[in-house]
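Using this note's numbering, the first residue of the sequence shown is number 531, and each one after it goes up by one.
A short write-up of the structure that comes next.
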Amino acid sequence: MKLLGLNVFHLFPGSKKQKKHKKKTDEGVGDIQQTTDFLIKPESKTVKLDTSQWPLLLKNFDKLNVRTAHYTPVPNGCSPLKREIADYVRTGFINLDKPANPSSHEVVAWIRRILRVEKTGHSGTLDPKVTGCLIVCVERATRLVKSQQSAGKEYVGVVRLHNAIESELQLSRAMDQLTGALFQRPPLIAAVKRQLRVRTIYESKLLEYDPERRLGIFWVSCEAGTYIRTLCVHFGLLLGVGGQMQELRRVRSGVLCERDNLVTMHDVLDAQWQYDNNKDETYLRRVIYPLEKLMISHKRIVMKDSAVNAICYGAKIMLPGLLRYEDGIEVNQEIVVITTKGEAICLGIALMTTAVISTCDHGIVAKIKRVIMERDTYPRKWGLGPKASQKKLMIKQGLLDKHGKPNGSTPVAWQKDYVDYSICEALQAVGRRDKALYQARIVIIRYIGGGGVHTQLFYCAAICLICNE
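Encoded structure:
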């Protein structure tokens, strides 16, 4: 309310509005707590974690099957993108746009000299005249070179036909015919033994054809080790006019293509110069990717932090150390074993399917194919459990030999219940009696070779004594 331009509430401080305002400010925190209940009420709803934007191997982490959520995190290790720059370079790779004329080995040697590292490797040789994706692995990442060399490839090439054809439809049909498993002999220019081999063409299509110059641009997706030069010769033979490869560019190698941060030799040189002179590592981090990016297409299993170093030393990947696992894992499938921070520990071969993992309590999930992580990145945590502690005590008391194997003093209960997972799988599958038979068979195979009937009877009698038969 205003009177002659003046606010009435300013003139009469005892007005109702002013009193209400005063009452609100006088109310203390204690009064508020006494009049109102403040508590976190139990709810059945849980907030869904969105991990679709998480980097590298942790992407869609919430969609993995949970075996257990109980583990003790350790401060060791870090996210692949947060590594110190020296470790980041040593565990990274470059998606290089290979220039024409130098060989792949020359390019890799130049990268090694620019980055001043001890070891580099590439994902598959490109001929000197061929350009495009060449994955250059640095130091620790060279352990993945074998798996990348066998990954599928995609190319865009130019084929020149020696004579004219009726229409480009003929060339397109010839490409469709040359799909699937094909016989190939390496061309004369190739630096390998010229031996007939089978290579698979997954898909190919004609992008453009110029009838005047008899040039065709085509795209092909094929198995590693396919000779596109030989494929172009086969196109010409099938059309009856002859043909040869004019130009070639690799557009995809494994999971990486031209659009995945493809860099040139000059980019690498400039990034290293920037770091050496200005101590600016941002360009180097932009040029080099962590090795984990090469394995984003693999099925994942997540291990507890306490099991990481044991795997780095060659321990079996056991079910009790498993935290999460992915759907669709099949036996003998190549998988990647990762930490809770998204670091790759090793590549493995699955010995259990997803269904078996979800129903078992114990067993070997996978066998190691290639360890990637450096030893002692995580602390040693093995030999601290109840069984291991009991085993150490029994060795000290003389109830087991110095290697932890049973001897004459070993209790029967221990021999009956203890399962030694360090022995071969063939012995794990059979009982104690069958184990004795198995060992006896080895003795027979080893020593009976040239023996007569009497020798064989002697060993058979020995088996009967061992088995109490």
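For each residue, glycine too, the CB sits at the ideal point set by N, CA and C.
Collapsed DSSP secondary structure at residue i in the structure displayed
i           : result
residue 471 : It is not possible to answer for residue 471, since the shown part of the chain is limited to 531 through 999.
residue 898 : strand
residue 566 : coil
residue 613 : coil
residue 714 : strand
residue 683 : strand
residue 941 : coil
residue 605 : coil
residue 847 : strand
residue 948 : coil
residue 618 : helix
residue 813 : helix
residue 930 : strand
residue 727 : strand
residue 825 : helix
residue 582 : coil
residue 673 : helix
residue 694 : coil
residue 841 : helix
residue 657 : coil
Identity of the residues DSSP links to residue i by a beta bridge
i           : result
residue 587 : DSSP output for residue 587 lists no bridge partner at all.
residue 739 : 746
residue 854 : 596 and 832
residue 476 : For the chain, the structure presents residues 531 to 999; residue 476 sits outside this window and is missing.
residue 878 : 865 and 898
residue 786 : 783
residue 689 : 746 and 775
residue 819 : 623
residue 936 : 930
Residue span of the alpha helix (DSSP H) that contains residue i, given as start and end
i           : result
residue 759 : 758 to 769
residue 807 : 795 to 808
residue 706 : 698 to 707
residue 640 : 634 to 645
residue 916 : 916 to 927
residue 887 : 884 to 889
Distance between residue j and residue i (C-alpha atoms, nearest Å)
i           : j           : result
residue 981 : residue 940 : Residue placement at residue 981 is poorly supported in this model, since its pLDDT is 49, which falls under 50; the coordinates still yield a value, given next. If I take the Cα positions, the gap works out to 36 Å.
residue 930 : residue 730 : 56 Å
residue 627 : residue 828 : 25 Å
residue 818 : residue 811 : 11 Å
residue 752 : residue 778 : 14 Å
residue 726 : residue 756 : 12 Å
residue 957 : residue 652 : Residue confidence is low: residue 957 scores 45 on pLDDT, short of 50, so the model does not pin down where it sits. Its coordinate-derived value is still stated next. About 41 Å.
residue 688 : residue 678 : 25 Å
residue 932 : residue 845 : 20 Å
residue 734 : residue 723 : 27 Å
residue 667 : residue 805 : 20 Å
residue 928 : residue 921 : 11 Å
residue 686 : residue 916 : 60 Å
residue 798 : residue 891 : 49 Å
residue 861 : residue 760 : 36 Å
Extent of the continuous beta strand (DSSP E) to which residue i belongs
i           : result
residue 779 : 773 to 783
residue 626 : 622 to 628
residue 668 : 661 to 668
Interface flag, residue i vs chain B, CB-CB below 7 Å
i           : result
residue 742 : Considering every chain present, this structure includes no chain B. It has just one protein chain.
Inset, instruction - Would you be able to state if there are at least three C-beta pairs under 8 Å between the stretch 576 to 594 and the stretch 777 to 795? - result: The stretch 777 to 795 is not in contact with the stretch 576 to 594.
Legend entry - At least three beta-carbon pairs within less than 8 Å, the stretch 648 to 661 to the stretch 629 to 637: Yes: the two stretches touch, three or more of their Cβ pairs being nearer than 8 Å.
Inset, instruction - Kindly confirm or deny that the stretch 830 to 846 and the stretch 861 to 877 touch, where touching means at least three C-beta pairs closer than 8 Å. - result: The stretch 830 to 846 vs the stretch 861 to 877: in contact.
Inset, instruction - Pair every Cβ in the stretch 615 to 623 with every Cβ in the stretch 846 to 857, then say whether three or more of these pairs are closer than 8 Å. - result: Not touching, per the Cβ criterion.
Inset, instruction - Please determine if the stretch 637 to 653 and the stretch 690 to 702 are in contact, where contact requires at least 3 C-beta pairs separated by less than 8 Å. - result: No: fewer than three Cβ pairs fall under 8 Å.
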